[in-house]
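Asks:
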Amino acid sequence: MLILGLSAFYHDSAACLVDDGRIVAAAQEERFTRKKHDSGYPEHAIAACLAAAGARAGDIDQVVFYDKPFLKFERLLETYLAFAPRGFRSFRLAIPVWLREKLFQKPLLLARLRTLDPEVDWAARLLFAEHHLSHAAAAFFPSPFEQAVVLTMDGVGEWATTSVGIGRGHNLAIEREIHFPHSLGLLYSAFTYYTGFKVNSGEYKVMGLAPYGEPKYTNAILEYLVDLKPDGSFQLDLDYFDYCTGLTMTNQRFDALFGGPARRPDQPLTQRHMDLAASVQAVLEEAVLRVTRSLAAETGLRNLCLAGGVALNCVANGKILRDGRFERLWIQPAAGDAGGALGAALCAWHLFHGGERQADGRRDAMSGAYLGPAYAHAEIERRLRACGAVFTVVEDDPLLSETVDALEAGQAVGWFQGRMEFGPRALGARSILGDARSPTMQKILNLKVKYRESFRPFAPSILREEVADWFELDVDSPYMLLVADVVPRHRQAMTPEQHALFGIDKLNVPRSSIPAVTHVDYSARIQTVHADLNPRYHALLTAFKARTGCPVLVNTSFNVRGEPIVATPEDAFHCFMGTEIELLVAGNCILRKEDQDPSLKRDYKDAFELD
Amino acid sequence: MPAGAGPQEHDRTVLGKTAIQWSQWRKTEMVSFLTELWRFMAVRKKFWLLPIVVMMALFGGLVVLTQGSAVAPFIYTVF
Chain A
1 MLILGLSAFY
11 HDSAACLVDD
21 GRIVAAAQEE
31 RFTRKKHDSG
41 YPEHAIAACL
51 AAAGARAGDI
61 DQVVFYDKPF
71 LKFERLLETY
81 LAFAPRGFRS
91 FRLAIPVWLR
101 EKLFQKPLLL
111 ARLRTLDPEV
121 DWAARLLFAE
131 HHLSHAAAAF
141 FPSPFEQAVV
151 LTMDGVGEWA
161 TTSVGIGRGH
171 NLAIEREIHF
181 PHSLGLLYSA
191 FTYYTGFKVN
201 SGEYKVMGLA
211 PYGEPKYTNA
221 ILEYLVDLKP
231 DGSFQLDLDY
241 FDYCTGLTMT
251 NQRFDALFGG
261 PARRPDQPLT
271 QRHMDLAASV
281 QAVLEEAVLR
291 VTRSLAAETG
301 LRNLCLAGGV
311 ALNCVANGKI
321 LRDGRFERLW
331 IQPAAGDAGG
341 ALGAALCAWH
351 LFHGGERQAD
361 GRRDAMSGAY
371 LGPAYAHAEI
381 ERRLRACGAV
391 FTVVEDDPLL
401 SETVDALEAG
411 QAVGWFQGRM
421 EFGPRALGAR
431 SILGDARSPT
441 MQKILNLKVK
451 YRESFRPFAP
461 SILREEVADW
471 FELDVDSPYM
481 LLVADVVPRH
491 RQAMTPEQHA
501 LFGIDKLNVP
511 RSSIPAVTHV
521 DYSARIQTVH
531 ADLNPRYHAL
541 LTAFKARTGC
551 PVLVNTSFNV
561 RGEPIVATPE
571 DAFHCFMGTE
581 IELLVAGNCI
591 LRKEDQDPSL
601 KRDYKDAFEL
611 D
Chain B
1001 MPAGAGPQEH
1011 DRTVLGKTAI
1021 QWSQWRKTEM
1031 VSFLTELWRF
1041 MAVRKKFWLL
1051 PIVVMMALFG
1061 GLVVLTQGSA
1071 VAPFIYTVF
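If you read the protein sequences in the order shown, they are chains A and B. Note that the first sequence covers residues 1 to 611 in this note's numbering. Note that the second sequence covers residues 1001 to 1079 in this note's numbering.
(1) Whose C-beta lies closer than 6 angstroms to the C-beta of E130 of chain A among residues of the same chain, with five residues either side of it excluded?
(2) Does L77 of chain A have its Cβ less than 8 angstroms from a Cβ in chain B?
(3) With a threshold of 8 angstroms between beta carbons, is F1040 of chain B in contact with chain A?
(4) Could you give the DSSP three-state label for A316 of chain A: helix, strand or coil?
(5) Take L533 of chain A and list the residues in its own chain whose beta-carbon comes closer than 8 angstroms to its own, dropping the five residues that flank it on each side.
(6) Would you mind telling me which residues of chain D sit closer than 7 angstroms to K1046 of chain B, beta carbon to beta carbon, in chain order?
(7) Cβ atoms of R75 of chain A and E158 of chain A: under 8 angstroms apart, would you say?
(8) Please state whether the Cβ-Cβ distance between G208 of chain A and F558 of chain A is less than 8 angstroms.
(9) Does the region 564 to 572 of chain A come into contact with the region 376 to 387 of chain A, if we say contact requires no fewer than three beta-carbon pairs (one atom in each stretch) closer than 8 angstroms?
(10) Could you give the first and the last residue of the continuous alpha helix (DSSP H) run that contains V487 of chain A?
(11) Please list, in chain order, the residues of the region 251 to 279 of chain A that have any C-beta partner in chain B closer than 9 angstroms.
(12) Would you mind giving the Cβ-Cβ distance between V449 of chain A and I590 of chain A, rounded to the nearest angstrom? I have them listed as a contact below 8 angstroms.
(13) Compute the Euclidean distance between the alpha carbons of V226 of chain A and F234 of chain A, then round it to the nearest angstrom.
(14) How is Y370 of chain A classed by DSSP in three states: helix, strand or coil?
(15) What does L110 of chain A reach in chain B if we use C-beta pairs closer than 7 angstroms?
(16) Beta-carbon within less than 8 angstroms of A1003 of chain B's beta-carbon, same chain only, minus the 5 sequence neighbours each way: which residues are those?
(17) For T270 of chain A, which beta-bridge partners are listed by DSSP?
(18) Using only CA atoms, which one of A:R31, A:T542, A:L228, A:A256 lies nearest to Y240 of chain A?
(19) What does a CB cutoff of less than 8 angstroms around H273 of chain A pick up in its chain, not counting 5 residues either side in sequence?
(20) In terms of residue numbering, what span does the beta strand (DSSP E) encompassing Q235 of chain A cover?
(21) Would you kindly work out how many angstroms separate the C-alpha atoms of R511 of chain A and A190 of chain A, rounded to a whole number?
(22) What do you get for H377 of chain A, buried or exposed, if any count of 16 or more other CB atoms within 10 angstroms of its CB means buried?
(23) So does the region 434 to 443 of chain A actually touch the region 401 to 416 of chain A, counting three or more Cβ pairs closer than 8 angstroms?
(24) Starting from the C-beta of Q596 of chain A, find all residues in its chain whose C-beta is less than 6 angstroms away, skip the five residues before and the five after it, and write them out in chain order.
(25) Could you check if H499 of chain A is buried or exposed, using at least 16 other CB atoms within 10 Å of its CB as the buried criterion?
(26) So the candidates are A:V291, A:T218, A:V585, A:W98; which of them puts its Cα closest to the Cα of M1056 of chain B?
(27) Closest to E497 of chain A by CA distance: which of A:L346, A:N508, A:R92 is it?
(28) Pick out the complete alpha helix (DSSP H) segments inside the region 150 to 204 of chain A, 4 residues or longer, and give them in chain order.
(29) Is the shortest distance between the beta-carbon of A1057 of chain B and the beta-carbons of chain A less than 8 angstroms?
(30) At 3 residues or longer, what runs of the beta strand (DSSP E) sit wholly inside the region 404 to 460 of chain A?
(31) Contact between the region 301 to 311 of chain A and the region 134 to 152 of chain A is defined here as three or more beta-carbon pairs at a separation below 8 angstroms; is this criterion met?
(32) Please identify the residue among A:A8, A:H37, A:I46 whose C-alpha is closest to the C-alpha of V18 of chain A.
(33) Tell me, please, whether the CB atom of L127 of chain A is closer than 8 angstroms to any CB atom in chain B?
(34) Could you tell me the alpha carbon to alpha carbon distance between A15 of chain A and V288 of chain A, rounded to whole angstroms?
(35) Output yes if chain B places a C-beta closer than 8 angstroms to the C-beta of L99 of chain A; else output no.
(36) Starting from the Cα of D474 of chain A, find the closest Cα among A:P424, A:D59, A:I526, A:W349 and give me that residue.
Here it is as C-alpha cells:
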C-alpha cells in the first residue's frame, strides 16, 4: 500500500511516500521552489517522491494531510471570543483568509490532487491526521524502539502545544495534552521575537546565542511569565503576551518586565540580549527536564521519542540524555512541521490500516534522513556542463584524496552527494565542509561563505567510532540533534584576560583543538557519521583522519543565509559561484573556483531574504 | 513591519497560487463540506459556534465575493 503524507499551508510544506510502512521518499517543497519555509501545496515534493519510488500518482492508495483545519478554526474562533473585544484587528485580518481559503483545505487538496490524475476518486483516498498525532507518529514509528514514551512540543497545532503518548508495537495513543495558549514553543518564540529574530526560523539563533549570556532573567521568567509545576506542566501568564489578540508575540508589559522594547533586526546584539537568550534557554531546559523526569517515573519505560519544533532544541535534548532518566532517546530529524507529512503517512499505515511494524532496537527506519532526490553521475555531469561549469571527473580514491587536500589547506568545500536530506540539517549529502582544527574557519564560513551572523557556531561531523574520544557522548547522533561538550583533553584553557571577555569577543578565543566547532561553553552539536548510512562521507572522514589524525570536519548546510539548502547540481553550482567556496565536489565531479568562468559569478549575498 | 521580527506582510494569498476559485468546486464537495462541518460540531459538541459561523459566513461572503486576494499578515498562531 502506497501512502502519500502531506504537510502544507502553514510553513515548511513537505511530502512523504510510505510503501507498506517503509519510508521510501520525503522532501520539503522549499528545496525545489527555492523559497525558504515555503508553505504552498508541495507539488514539486510530491513529484520528487513519486519519481524516487518509481510510482505514478494513480498508484497512491491513500493521501493523508497532517493537520485538521476545522479543529484549528475552532481554536481561532474560541480564542477570539475569549479575548473579545480585544483582538479585533487580528480577527479582521485573519478571518477573511480563513473564510476564503484556509477552511476549505479539503476541496483545495482534492482540486490539486485531481491535477495529478483526474481519473482517481481522491475524495475516497484522502484522510486527515491531527497535528500532534502526526508529530508523535513521526517520532515513534520510525524509531528503533518496540515501546517508548512519546513527547511532542511545538508552538501550536490545532489545540495541543504539548502532548504525551505511549507507543507500543504498531500502536500509539496520545494520553494527555497541554492546550493553546499555553505553549513552551510560543514562550521561546516570544523571546525570539523580543531579541530581534524572525519567529519560527530564528529560534535556533536564540539557542546559539544563549551560551554567550548569563541566565539573569530566569527567575523573572519563572516568577511572572510561566507557572511551572513539578511535573513539568505549565501555564503562561497571558498578560505579558500579544499572540492571542495582536500581531506581535509580546506586549508592553513584557517590555517593562525586561527593561526595554524588542530589538529591531537592524539593531546590534548586546549582552542583555545574550542574557535573555540564556535565560529562556534555561527555563526551557528546566521545563523539559521536569516533564521527562516525571514521565520516566510514572511510566517506567526506558525509551523516549521526541518531535515537534521544540525537539530541534538540541541543547535541551543533550540535557535529557545526560539526565539519564531515560536510557535511550530518539528524535525525529524532521521534527518540525515538514516531518508532519511523514507522521501523517505512518499514522494511516499503522493506526488506520493496522499495518505491522518492525523495530530491531538498533537502527531506525529513517535511512539516515537521506530520503530526497539523488542524481546519477551522468546526470550531474550533464547538468553541470549545461551551467557552463568546468570540472574534472575522477575515481573515488583520488576524489577523496583531492577533497582532503583542499580541506587540509583550509578551503571551504561544497559536498553534493547522493540523496538529499529530509529535515532542516545537512548531514553530508548537501553540505559545506571545512577543517575543524582551523582557528579561522568559523569566521571564514560565517562571513565569506554563509554571509550570516558571526556569533553562530558550526557543527562537527565525526566518525561514530571516534565520538567518545572527542566528545562527552557515546551514543548515535546521526541527525545532529544532540549537544555535548568536547572532552577535557581536547580543550584549551583560557587566560584570565580571555576569561574577562564578554559575549561575542569570546568566540575568537580558541577553546579546543577543534575550535571551528567548539562553542564558547565547550559544547558542540554533534553528527555521528556511520559507514552503513553514508559510506562516502564516512570514507572522507576516514581519509581526513588518516592524513591529519583528526576524525572531525565542520559540516554546515550547503546554502547561504536565507536560502533553502541546495537540491540540484545547478543549485550547488550557483551557490559555489556566488560564495567563497573554493572547491565543489558533486558526485565524482571536482570543480575548482579558479577554473571557472568569472562571468558566471553571481551576486549571491543579497539574493535571499534574510531569515 | 521590519523583516525578521514577528509578523510580516505577505504580498500574496496565504495559499499562494494554490488557492482555488469557487467555480472549481464540485457540487458534491460543497455538500460534503457542509456535512462535515455539521458532523464536526456534533462530535465536538460545539453547536454554539453555529451562529458565529453563520454570521461570519454572511459578512465574510462580502470579502469572498470581491474575489480579490485575501492579503494577511503572518501571525504565528493564526496561520
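Quick reminder that beta carbons are idealized off the backbone N, C-alpha and C, glycines included. Source: prediction; values computed, not measured.
Replies: Well, looking at it:
(1) Residue numbering aside, residue 130 of chain A sits at position 130 when the first sequence is read from its first letter. K68, listed in sequence order.
(2) For the purposes of this step, residue 77 of chain A is identified with residue 77 of the first sequence, where counting begins at 1. Interface residue, yes.
(3) Reading the second sequence from its first residue, position 40 is the one you call residue 1040 of chain B. Yes, F1040 of chain B counts as interfacial toward chain A.
(4) Residue 316 of chain A sits at position 316 when you count from the first residue of the first sequence. Correct three-state label for A316 of chain A: helix.
(5) As a first step, residue 533 of chain A is located in the first sequence; it is residue number 533 there, counting from the start. If we look at L533 of chain A and ignore the five residues flanking it on each side, its Cβ neighbours are S367, G368, Y370, P478.
(6) Looking for chain D here will not work: the only protein chains present are A and B.
(7) Residue numbering aside, residue 158 of chain A sits at position 158 when the first sequence is read from its first letter. Residue numbering aside, residue 75 of chain A sits at position 75 when the first sequence is read from its first letter. Yes, Cβ-Cβ distance for E158 of chain A and R75 of chain A is below 8 angstroms.
(8) The count along the first sequence starts at 1 and reaches residue 208 of chain A at position 208. The count along the first sequence starts at 1 and reaches residue 558 of chain A at position 558. Not closer than 8 angstroms, so no.
(9) yes
(10) In the first sequence, residue 487 of chain A corresponds to position 487, counting from 1. Element bounds for V487 of chain A: n/a, residue is neither H nor E.
(11) A262, R263, R264, P265, D266
(12) Your numbering for residue 449 of chain A matches position 449 in the first sequence. Your numbering for residue 590 of chain A matches position 590 in the first sequence. Actually they do not touch by this definition, with Cβ atoms about 18 angstroms apart.
(13) Stepping through the first sequence from its first residue, residue 226 of chain A is reached at position 226. Stepping through the first sequence from its first residue, residue 234 of chain A is reached at position 234. Using only the alpha carbons, I get a separation of about 7 angstroms.
(14) Mapped onto the first sequence, residue 370 of chain A falls at position 370. Correct three-state label for Y370 of chain A: strand.
(15) Here the question's residue 110 of chain A lines up with position 110 in the first sequence. By Cβ distance, chain B contributes E1029.
(16) Along the second sequence, read from residue 1 onward, the residue named residue 1003 of chain B stands at position 3. With a pLDDT of 32 at A1003 of chain B, under the threshold of 50, the modelled position of that residue is not reliable, and the figure given next carries that caveat. Correct list: empty, nothing qualifies.
(17) Along the first sequence, read from residue 1 onward, the residue named residue 270 of chain A stands at position 270. T270 of chain A pairs with nothing; no bridge assigned.
(18) By one-based count along the first sequence, residue 240 of chain A stands at place 240. Measuring from the Cα of Y240 of chain A, the nearest candidate turns out to be A:A256.
(19) Translated into positions along the first sequence, residue 273 of chain A becomes position 273. T195, G196, L209, G213, R263, listed in sequence order.
(20) Residue 235 of chain A sits at position 235 when you count from the first residue of the first sequence. Q235 of chain A -> beta strand (DSSP E) spans 234 to 236.
(21) Looking up residue 511 of chain A in the first sequence gives position 511. Looking up residue 190 of chain A in the first sequence gives position 190. Roughly 31 angstroms separates the two Cα atoms.
(22) As a first step, residue 377 of chain A is located in the first sequence; it is residue number 377 there, counting from the start. When all chains shown are included, H377 of chain A counts as exposed.
(23) yes
(24) Here residue 596 of chain A refers to the residue found at position 596 when the first sequence is read from its first residue. The residues are V390.
(25) As a first step, residue 499 of chain A must be located in the first sequence, where it is residue number 499. Exposed is the call here.
(26) Along the second sequence, one-based indexing puts residue 1056 of chain B at 56. Of the candidates A:V291, A:T218, A:V585, A:W98, the one whose C-alpha sits nearest the C-alpha of M1056 of chain B is A:W98.
(27) If you number the first sequence from 1, residue 497 of chain A lands on position 497. Looking at the Cα atoms, A:N508 is the closest of the given residues.
(28) 184 to 194
(29) In the second sequence, residue 1057 of chain B corresponds to position 57, counting from 1. Yes, A1057 of chain B counts as interfacial toward chain A.
(30) 413 to 416, 430 to 435
(31) yes
(32) Counting from 1 along the first sequence, the entry for residue 18 of chain A is found at position 18. Of the listed residues, the one whose Cα sits closest to V18 of chain A is A:I46.
(33) Stepping through the first sequence from its first residue, residue 127 of chain A is reached at position 127. Not closer than 8 angstroms to any Cβ of chain B, the Cβ of L127 of chain A fails to qualify, so no.
(34) As a first step, residue 15 of chain A must be located in the first sequence, where it is residue number 15. As a first step, residue 288 of chain A must be located in the first sequence, where it is residue number 288. Those two C-alpha atoms are separated by around 29 angstroms.
(35) Translated into positions along the first sequence, residue 99 of chain A becomes position 99. Yes, because at least one Cβ of chain B sits closer than 8 angstroms to the Cβ of L99 of chain A.
(36) The residue labelled residue 474 of chain A in the question sits at position 474 within the first sequence. Among A:P424, A:D59, A:I526, A:W349, the Cα nearest to that of D474 of chain A is on A:I526.
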